[in-house]
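First comes the structure, then the notes that go with it.
Residue numbers (our numbering): 7 to 175.
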């Protein structure tokens, strides 16, 4: 890991994890009235080059690796890939729901969603930030795409903010 990356990650972690106080953005915060499902994951080892596991119905374990762009070998997954996979799979579900609600189920059935997650330096602060591009293939109806963006939990979380609790285990 490059020393510049390591220093930036440490500064970012210190800023965001200095206490147990919940962070609330200036946006409207989405709160849940109930919990229908939860997923749990654990990261350990060498940070972005460690191991991440998820339990549940079909447990998963992945070896993480720094991308070549950060001086790594690129011989494993990274958080941005996992985020892109989660977002694209969630968004296609939202496309299918929106298409079905519009009476166009076949449109959702042939859709394909591509997510591209960028990691970079924010213009107004230190550390790292994300940008996401979602491209929907096979859907020409802008209303279905807009409706999907309105109901996709990933889109809502990024647009409006969600409750995040950080605490010692």
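For each residue, glycine too, the CB sits at the ideal point set by N, CA and C.
Counting along the chain, where does the beta strand (DSSP E) carrying residue i start and finish?
i	result
residue 122	118-126
residue 170	Premise fails: residue 170 is in no beta strand (DSSP E) and is neither H nor E.
residue 140	135-143
residue 74	Note, residue 74: premise wrong, no beta strand (DSSP E); not H, not E.
residue 49	47-50
In angstroms, rounded to a whole number, what distance separates the CA positions of residue i and residue j?
i	j	result
residue 110	residue 51	47 Å
residue 57	residue 163	25 Å
residue 150	residue 166	20 Å
residue 130	residue 112	44 Å
residue 157	residue 85	24 Å
residue 104	residue 115	11 Å
residue 87	residue 107	30 Å
residue 42	residue 102	20 Å
residue 152	residue 145	11 Å
Determine, using beta carbons only, whether residue i and residue j come nearer to each other than 8 Å.
i	j	result
residue 126	residue 137	yes
residue 83	residue 72	no
residue 122	residue 90	yes
residue 66	residue 55	no
residue 154	residue 75	no
residue 61	residue 46	yes
Give the range of the alpha helix (DSSP H) segment to which residue i is assigned.
i	result
residue 57	From DSSP, residue 57 is part of no alpha helix (DSSP H) but of the beta strand (DSSP E) over 57-60.
residue 166	159-166
residue 92	85-107
residue 112	111-115
To which residues of the same chain is residue i closer than 6 Å at the C-beta, ignoring the five residues directly before and after it?
i	result
residue 48	59
residue 160	93 and 96
Which same chain residues, not among the five before or five after residue i, have their C-beta less than 7 Å away from its C-beta?
i	result
residue 141	120
Leaving aside the five residues before and after residue i along the sequence, list all residues of the same chain whose C-beta is less than 8 Å from its C-beta, in chain order.
i	result
residue 135	125, 126, 127 and 128
residue 36	162, 163, 166, 167, 168 and 169
Consider the Cβ of residue i: report whether some Cβ of chain B lies at a distance smaller than 8 Å.
i	result
residue 101	In the displayed structure, chain B is absent; only one protein chain is listed.
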